[in-house]
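2 protein chains.
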Amino acid sequence: MTTGGSISGLLTDLYELTMAAGYFAAGKSEEKATFELTIRRLPPNRSFALAAGLAQAVEYLTSACFDEDDVRYVRSLPQLARASEGFFERLRRFRFSGDLFAMPEGTPVFAGEPILTVRAPLIEAQIAETYLLATIGFQTMVAAKAARVTEAAAGRGVVEFGTRRAHSPQAGVLAGRAAYIGGCIGTSNALTGSLFGIPIYGTAAHSWVLAFPEEEEAFRQLQRLLGEGTTYIVDTYDTLDGVRKAAALGRPLWGVRLDSGDLLELSREARAILDAAGLAHAKIMATGDLNEYKIRALVEAGASIDAYGVGTDLVTSADAPSLGVIYKLVELESDGTRRYTAKFSEDKRTYPGAKQVFRFEDHDEIGCAWECRAAAAARTLIRPVLIRGGMVEPLPDAAAARAHAAASLAALPAECRRLAAPEPRRVEYSPALRALAKESRRKLEAGVT
Amino acid sequence: MTTGGSISGLLTDLYELTMAAGYFAAGKSEEKATFELTIRRLPPNRSFALAAGLAQAVEYLTSACFDEDDVRYVRSLPQLARASEGFFERLRRFRFSGDLFAMPEGTPVFAGEPILTVRAPLIEAQIAETYLLATIGFQTMVAAKAARVTEAAAGRGVVEFGTRRAHSPQAGVLAGRAAYIGGCIGTSNALTGSLFGIPIYGTAAHSWVLAFPEEEEAFRQLQRLLGEGTTYIVDTYDTLDGVRKAAALGRPLWGVRLDSGDLLELSREARAILDAAGLAHAKIMATGDLNEYKIRALVEAGASIDAYGVGTDLVTSADAPSLGVIYKLVELESDGTRRYTAKFSEDKRTYPGAKQVFRFEDHDEIGCAWECRAAAAARTLIRPVLIRGGMVEPLPDAAAARAHAAASLAALPAECRRLAAPEPRRVEYSPALRALAKESRRKLEAGVT
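Respectively, the protein sequence lines represent chains S and G.
Letter by letter, the first sequence follows residues 0 to 448 of numbering that gives the first Met the number 0.
Letter by letter, the second sequence follows residues 0 to 448 of numbering that gives the first Met the number 0.
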């Protein structure tokens with residue numbers, strides 16, 4: 000992640016650069032290309048993903064460049080030994096000058112629907128592929144997982160606690176952001192809080208308790224520091240013993256955190272201990288290898304748990320740790336003529352042309368970008384974000400994206416939000432788009448393009 | 000990732016900062032603490048992990064700091080409303096001044112063995128926890144996955160192709176590094192190549208083929224650019240038709256890449272087409288949702304595949320997408336006395352004291368840091384890396400770590416490297432360490448510390 004600095008254009012796959020050199024050599028690098036970023040197929044137990052990461056995509060597009068060291072490195076590659084001086088000069092001048100259209104962050108998205116549409120000189124749109132997929136795909140996956148986890152918690156707050164198990168420090172920072180958009184009330188990651196204005200949570204770990212000769216002393220010192228925010232981690236030695244020590248200290252406190260053992264049973268016993276000590280207002284938080292399935296089971300069993308912290312399974316989307324995002328060329332304009340492109344390989348078919356997504360109450364329709372629908376019947380999901388490299392308007396912040404997600408998810412049928420075997424959303428292709436696909440295939444097969 | 004710049008100290012969990020403030024308030028922040036980073040339990044189908052990420056851990060420890068904006072943010076947090084001015088001043092002065100001991104990158108590591116040991120003022124060692132776990136845990140997991148994938152390929156080259164599906168762009172960069180250490184011959188990520196001197200691979204994607212009106216023309220242009228490195232992606236329209244077009248262009252070429260369909264069958268037919276065209280030297284690469292299980296099946300079925308590209312499953316370690324890394328306080332020195340610490344909660348027990356790992360031919364022994372073994376019988380795995388914040392000697396680079404991994408893995412029994420149900424390594428605790436654990440528990444229970 001950067002904050003203010005530039006992002007190296009080298010953060011891409013080598014083949015983007017060899018293709019860029021080839022386009023340049025073939026005189027095609029400045030042709031206007033349209034690529035779209037979509038989800039090929041949703042993973043098992045997912046009937047939706049939740050668009051997220053647009054802010055980082057924009058940060059990349061508005062800052063990526065190649066400095067002298069980067070260009071020197073590219074020039075040193077055997078694969079680019081035949082590239083011309085003009086190509087390296089073009090890399091030096093690399094700045095994204097195209098248009099970006101996108102679903103707002105927090106929008107539920109289904110397989111086949113463009114999350115982003117990039118329209119730019121072919122060389123620019125191509126080099127951007129790798130970074131856009133990595134940042135959009137990851138956050139979109141985690142936001143969807145967070146929506147599931149918060150759905151399971153049924154109104155209880157869920158905090159994202161997973162940076163330590165995220166796939167790299169940056170993944171931790173961005174997972175906190177995506178989890179918040181998806182419905183978590185905040186994150187443990189302080190940089191996420193600072194960069195994106197997201198609430199952060201956390202009090203003390205086992206090491207705090209171990210750092211004092213006695214648990215009571217550790218608890219007393221914590222209370223002195225945190226007052227009404229004090230949350231005691233009670234399982235360093237013996238959980239219920241820990242709860243009794245916390246209860247003995249009385250007010251002020253927020254509550255206790257259970258981090259191991261039988262959370263259902265322990266929560267009931269902890270509740271009884273706190274109540275008996277006149278601390279009915281004290282809360283119980285549960286953490287420790289949780290996910291939506293375990294939380295749902297605890298909620299249904301009537302656990303005395305007021306809040307959940309979820310780490311590993313949330314930030315890695317453990318039951319579906321990748322999202323099949325793809326970035327496909329759908330249009331190319333050269334010499335004033337527009338050509339529509341698509342893949343017709345058996346298991347990886349795509350549709351040609353820039354698209355729009357129309358969201359009706361009970362289904363979505365993917366149409367051509369130029370199509371319209373009566374505004375009352377459907378919402379139009381893809382909107383302009385960058386025009387000729389410049390922002391159309393400031394993006395909504397993470398809190399606005401979170402509110403948008405909450406409202407949008409609430410509008411989906413409950414069967415679609417179900418944790419197991421959720422009902423798939425009906426997504427149709429418009430007659431105009433189907434006709435375009437058919438025509439493109441016919442032209443290709445006839446060798447007429 | 001940074002390259003040269005500093006890393007914000009805010010890239011940590013809030014509770015590290017509240018604990019830091021609490022240690023400061025309790026006069027404990029400068030006590031000398033020893034933490035160790037270990038794997039609590041290996042995931043299913045893993046009998047080893049492969050230590051990786053030390054270079055990034057060192058980069059963090061030698062550069063993390065809090066600038067004025069960071070300190071202002073911490074000061075604004077309600078959780079730190081009672082922290083003293085002295086604490087914020089301490090954050091401003093934050094620089095890692097302690098010692099770091101670690102297993103060299105590329106060392107096979109088993110559950111319970113310290114990958115890193117950090118010995119530093121409590122405040123410094125505590126704040127570092129989150130970042131160290133995230134960067135070591137991720138790379139250690141991916142390096143192990145890469146070892147499995149290359150084991151399955153049985154001598155054929157495997158290239159890491161997964162940045163686009165990695166959990167954030169940084170995860171992509173670091174996955175390429177870890178995969179190389181674990182045995183891949185290189186990565187597609189150009190920044191990984193540039194930062195770490197790792198070979199990079201890649202030629203062209205479907206968009207290259209789509210960008211030209213006809214597949215033949217796309218292939219011809221690619222050959223012109225890449226010469227003997229030319230690899231044609233042949234499945235944009237029809238795979239075997241693509242192979243025939245590639246074959247018709249003749250030399251120079253490296254070969255073809257199959258990216259969808261029945262790879263076993265297609266590889267045989269592609270081989271026949273290439274051979275019939277007098278291109279027996281041309282290679283066949285396979286990609287497309289591969290992993291160690293699919294590669295093993297292709298190899299065993301005698302597929303005509305000379306090289307593999309693996310993306311998503313490798314960079315997300317899809318069948319085991321997290322590693323249970325923990326960071327535990329094991330010793331604390333205050334007022335000249337050393338106290339050993341451990342957790343005794345039922346399912347999360349730890350051992351006290353700084354440790355050493357002795358690797359014998361057929362088992363490992365975890366002992367106290369001060370223990371010795373006859374050099375001929377066992378290798379000592381944990382070595383000094385930083386002393387009082389400074390490097391002891393330059394770290395081996397990624398290529399050296401890869402060579403170390405290859406030699407170390409070859410020394411493990413084949414049953415331990417098996418893809419399914421591998422045999423666990425025998426790991427024992429030394430008598431001295433067991434005695435220390437017993438004594439620590441006795442003292443704790445007696446309330447004598």
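For each residue, glycine too, the CB sits at the ideal point set by N, CA and C.
Exercise. Do you know offhand how far E420 of chain G's Cα is from P42 of chain G's?
Worked result: For clarity, residue 420 of chain G is Ala in the given sequence; the question names Glu instead. About 11 angstroms.
Exercise. Given G287 of chain G, which residues of its chain have a CB within under 6 angstroms of its CB, disregarding the five upstream and five downstream residues?
Worked result: D258 and S259
Exercise. Excluding sequence positions up to five away, which residues of its chain have a Cβ less than 8 angstroms from the Cβ of G388 of chain S?
Worked result: L60, T61, R94, F95, S96 and G97
Exercise. List, in order along the chain, the chain G residues whose C-beta lies closer than 7 angstroms to that of S28 of chain S?
Worked result: Residues of chain G passing the Cβ test: none, with the nearest at roughly 10 angstroms.
For this session: Quick one: residues in its chain with C-beta nearer than 6 angstroms to the C-beta of A153 of chain S, no 5 flanking neighbours on either side, listed in chain order?
Result: V298
Exercise. Would the C-beta of L90 of chain G count as close to the ligand NAD, meaning under 7 angstroms from any of its heavy atoms?
Worked result: As presented, the structure is devoid of all ligands, the ligand NAD included, so that no description of it is given.
Exercise. So what does Q78 of chain S bridge to, in DSSP terms?
Worked result: None, per the DSSP bridge assignment.
For this session: Identify every run of the alpha helix (DSSP H) within the stretch 38–116 of chain S, keeping only runs that are complete inside it and at least 4 residues long; order them along the chain.
Result: 53–62, 67–75 and 84–91
For this session: Name the two residues that bound the continuous beta strand (DSSP E) containing S333 of chain S.
Result: V324 to S333
Exercise. So the alpha helix (DSSP H) T149 of chain G belongs to, where does it begin and stop?
Worked result: E128 to A152
Exercise. Of all the options G:C371, G:H280 and G:R378, which has the alpha carbon lying nearest to the alpha carbon of D363 of chain G?
Worked result: G:R378
For this session: Spell out the partners DSSP gives T33 of chain S in its beta bridges.
Result: S:R118 and S:E330
Problem set entry | Residues within the stretch 170–199 of chain G neighbouring chain S, beta-carbon criterion of under 7 angstroms | A170, G171, V172, L173, S187, N188, A189, L190, S193 and I199
For this session: Report all residues from its chain with a CB closer than 6 angstroms to the CB of S7 of chain G; omit the five preceding and five following residues, and keep chain order.
Result: D69
Exercise. Counting pairs of Cβ atoms below 8 angstroms between the stretch 355–370 of chain S and the stretch 157–167 of chain S, do you hit three or more?
Worked result: no
For this session: Go ahead and pull the three-state DSSP assignment for S206 of chain G.
Result: helix
Exercise. How many angstroms separate the CA atom of L131 of chain S from the CA atom of E104 of chain S?
Worked result: 14 angstroms
Exercise. With T134 of chain S and L380 of chain S assumed to form a contact (beta carbons below 8 angstroms), what rounded beta-carbon distance in angstroms separates them?
Worked result: Not quite, the Cβ-Cβ distance comes to about 20 angstroms (not below 8 angstroms), so this is no contact.
Problem set entry | Proximal residues to G156 of chain G (C-beta, below 6 angstroms), its chain only, five neighbours per side dropped | I184 and A306
For this session: Express the C-alpha separation of E370 of chain S and L252 of chain S in angstroms, rounding to a whole number.
Result: 58 angstroms
Exercise. Is there a Cβ from chain S that is less than 8 angstroms from the Cβ of L10 of chain G?
Worked result: yes
Problem set entry | Beta-carbon proximity check, R424 of chain S vs S46 of chain S, cutoff 8 angstroms | yes
Exercise. At which residue ranges does the stretch 364–441 of chain S contain complete alpha helix (DSSP H) runs of 4 or more residues, listed in the order of the chain?
Worked result: 397–409 and 413–416
For this session: Within its chain, find whatever has a CB closer than 8 angstroms to the CB of R338 of chain G; leave out the 5 residues flanking it on each side and keep chain order.
Result: E330, L331, E332 and T448
Exercise. Can you tell which of G:D234, G:K293, G:A217 and G:T235 has the C-alpha that lies nearest to the C-alpha of L248 of chain G?
Worked result: G:A217
For this session: Excluding the 5 residues preceding and the 5 following I232 of chain S in the sequence, name in chain order all residues of the same chain whose CB lies nearer than 7 angstroms to its CB.
Result: A203, A204, H205, V208, R256 and D258
Exercise. Mind pulling the chain G residues with CB within less than 8 angstroms of M284 of chain S?
Worked result: Within 8 angstroms Cβ-Cβ: nothing; M284 of chain S doesn't reach chain G, min ~12 angstroms.
Exercise. How would you write the range of the alpha helix (DSSP H) that Y179 of chain S sits in, first residue to last?
Worked result: P168 to G181
Exercise. Of all the options S:T349, S:K347 and S:A368, which has the alpha carbon lying nearest to the alpha carbon of V356 of chain S?
Worked result: S:A368
Problem set entry | Bridge partner(s) assigned by DSSP for M284 of chain G | G:R256 and G:A306
Exercise. What do you reckon, are the CB atoms on L385 of chain G and V57 of chain G nearer than 8 angstroms?
Worked result: yes
Exercise. Excluding sequence positions up to five away, which residues of its chain have a Cβ less than 7 angstroms from the Cβ of I114 of chain S?
Worked result: L36, T37, A50, A101, M102, V108, I135 and T139
Exercise. From which residue to which residue does the beta strand (DSSP E) around G156 of chain S run?
Worked result: G156 to E159
For this session: Show which residues of chain S have a CB atom less than 9 angstroms away from the CB atom of F343 of chain G.
Result: T235, Y236 and D237
Exercise. Could you give the distance in angstroms between the alpha-carbon of T230 of chain G and the alpha-carbon of P393 of chain S?
Worked result: 43 angstroms
For this session: If I'm right that T17 of chain G touches Q78 of chain G with Cβ under 8 angstroms, what's the distance once you round it to whole angstroms?
Result: 5 angstroms
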